[in-house]
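Here the structure comes first, spelled out in structure tokens, and everything after it is commentary.
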Amino acid sequence: MKILIADDEALSRRLLESTLERSGYEVIAVEDGKQALDQLCKPGAPRLALLDWVMPELDGPGVCRAVRARSDHPYVYMVLLTSKGSKEETVLGLESGADDYLTKPFDPEELRARLRVGERVLLLEDRLVEARENMRFRATHDSLTSLLNRSALMELLVRELHRSQREKKSTAILLGDVDHFKRVNDTLGHVIGDEVLIEIASRLLDAVRSYDFVGRYGGEEFLVVLNSCDPNYAPGRAEQIRKSISNRQISTSKGPLSLTMSFGVLLTSDWGPRTVEELLHEVDIALYEAKAGGRDCLRIAKPAVKLEVSPAALPQAVRRRR
323 MKILIADDEA LSRRLLESTL ERSGYEVIAV EDGKQALDQL CKPGAPRLAL
373 LDWVMPELDG PGVCRAVRAR SDHPYVYMVL LTSKGSKEET VLGLESGADD
423 YLTKPFDPEE LRARLRVGER VLLLEDRLVE ARENMRFRAT HDSLTSLLNR
473 SALMELLVRE LHRSQREKKS TAILLGDVDH FKRVNDTLGH VIGDEVLIEI
523 ASRLLDAVRS YDFVGRYGGE EFLVVLNSCD PNYAPGRAEQ IRKSISNRQI
573 STSKGPLSLT MSFGVLLTSD WGPRTVEELL HEVDIALYEA KAGGRDCLRI
623 AKPAVKLEVS PAALPQAVRR RR
């Protein structure tokens with residue numbers, strides 16, 4: 323494990339370095355507080371630090387305060403070293419953000435024991451962070467496919483629509499449904515159906531750019547959002563996504579399957595300011611039309627064209643009823 327030593331006394335620094343290297347630590351040694359802070363701010367920085375109280379540039383408590391002021395870095399366990407041992411100094415050092423405090427000269431065994439405490443604290447911190455991230459992932463992702471779930475999709479889509487309206491760009495929304503998926507479940511079983519959905523999710527992700535997003539909308543329906551998508555190229559991109567499913571068989575534990583998907587496609591530039599619910603309703607209608615049109619195809623949602631007819635152009639009987 324990496325550990326940082328910050329001490330302006332060369333002899334003390336070398337003794338500490340030798341002691342810790344014998345204990346199996348990877349030691350980084352610096353001679354002032356500014357260098358210590360720079361090291362602790364680097365990617366992959368040490369998570370353990372021994373900081374002398376009195377140092378040039380920045381003292382030990384100052385380093386502690388600067389490290390604790392950051393909120394976007396992993397936790398660092400910091401021990402202050404000093405030749406003073408008054409209760410007031412102990413309180414001041416701990417309030418600066420230090421985790422522990424050792425008075426010089428200290429016993430090497432005591433130092434190692436305190437560092438082992440620090441390692442246990444860091445292990446607990448890492449487990450808590452991992453648990454929090456796992457909970458966040460489960461709250462926003464589908465448990466089967468690991469794609470974004472419907473709730474997360476809606477939140478991201480709202481943000482994307484606001485951004486595209488603000489920047490006057492177009493977003494393409496694709497709603498796709500696996501053709502004849504019920505037949506797969508009924509004849510081969512739900513385990514095979516799950517294998518199919520997992521593979522389709524993987525292919526959809528591979529077919530889009532890193533800044534687009536794909537989610538499981540529900541059942542065998544998937545939502546694909548192409549951000550900042552040029553309306554002239556959107557139909558072609560949607561067709562490529564459709565072909566990523568139909569052009570290659572899907573391997574399952576019961577053999578390969580040939581499956582297709584139907585898609586409804588909507589370009590926000592065609593519709594102007596609309597709510598997410600309105601746009602999803604329209605793209606759902608387009609998906610239904612693709613299903614009715616033979617499946618394994620896509621249909622683009624277009625606003626209805628309103629014809630303006632002057633009263634003079636209407637038949638005389640109609641004008642009388644008006």
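Under our numbering, the first residue of the sequence shown carries the number 323, and numbering increases by one thereafter.
Just so you know, even glycine gets a beta-carbon here, dropped at the ideal spot from N, CA and C.
Beta carbon of residue i nearer than 8 Å to that of residue j
i    : j    : result
G346 : D381 : no
D499 : L609 : yes
R369 : E353 : no
L579 : V518 : yes
L416 : V401 : no
Y658 : V349 : The question about residue 658 has no answer here: the residues shown for the chain are numbered 323 through 644.
V389 : L362 : yes
T590 : L601 : yes
N471 : D464 : yes
A523 : T462 : no
S568 : R525 : no
Beta-bridge partners of residue i, as assigned by DSSP
i    : result
H463 : L470
T425 : T404
A351 : I327
M583 : V500
D374 : L403
L589 : A494
L620 : F585
Residue of the options minimising C-alpha distance to residue i
i    : options                : result
T493 : N554, A453, E431       : N554
L588 : G616, L548, L333, M323 : L548
D501 : R392, V518, R617, R387 : R617
K324 : R481, K364, L337       : K364
P383 : T462, T404, I514       : T404
P595 : P625, I522, F544, A523 : P625
G366 : L579, A420, F459, Y397 : Y397
Q562 : T341, C619, T590       : C619
A371 : Q357, L478, R488       : Q357
E343 : Q361, V385, R434, D421 : R434
M377 : V389, D394, L359, K491 : L359
R531 : E543, S550, M457       : S550
L469 : F535, K613, E431       : F535
A612 : R454, T582, A556, Q571 : T582
P430 : E477, L337, N507, D508 : L337
A560 : Y533, S584, D421, K491 : S584
E441 : G615, R458, D421       : D421
E489 : D552, N507, A453, R458 : D552
R564 : E477, D508, T509, R621 : R621
T597 : E477, D508, A614, R570 : E477
I495 : G577, P427, V480, R454 : V480
P427 : L333, A453, D606, S486 : L333
D592 : Q487, S573, Q571       : Q487
S573 : D516, L445, E411       : D516
Rounded Cβ spacing between residue i and residue j (contact assumed at less than 8 Å)
i    : j    : result
L475 : Y539 : 7 Å
R387 : G419 : 6 Å
A623 : E599 : The Cβ separation is near 14 Å, so there is no contact.
I520 : S575 : I520 to S575, Cβ: 12 Å. No contact.
E339 : A351 : 5 Å
G537 : L545 : 5 Å
E586 : L497 : Residue 586 is actually Gly in this sequence, not Glu. With a Cβ gap of about 5 Å, G586 and L497 count as contacting.
D374 : D330 : 7 Å
F503 : E542 : 4 Å
Range covered by the beta strand (DSSP E) that runs through residue i
i    : result
K324 : 324–328
G537 : 535–540
V547 : 543–548
Continuous alpha helix (DSSP H) stretch holding residue i: start and end
i    : result
E561 : 556–568
I522 : 512–528
D606 : 598–614
V385 : 382–390
T412 : 409–417
T574 : From DSSP, T574 is part of no alpha helix (DSSP H); its letter is neither H nor E.
A420 : From DSSP, A420 is part of no alpha helix (DSSP H); its letter is neither H nor E.
R336 : 332–344
Residue i: CB within 7 Å of a non-hydrogen atom of the ligand GTP
i    : result
L483 : Of the ligands one can find in the structure shown there are none, so the ligand GTP has no counterpart to examine.
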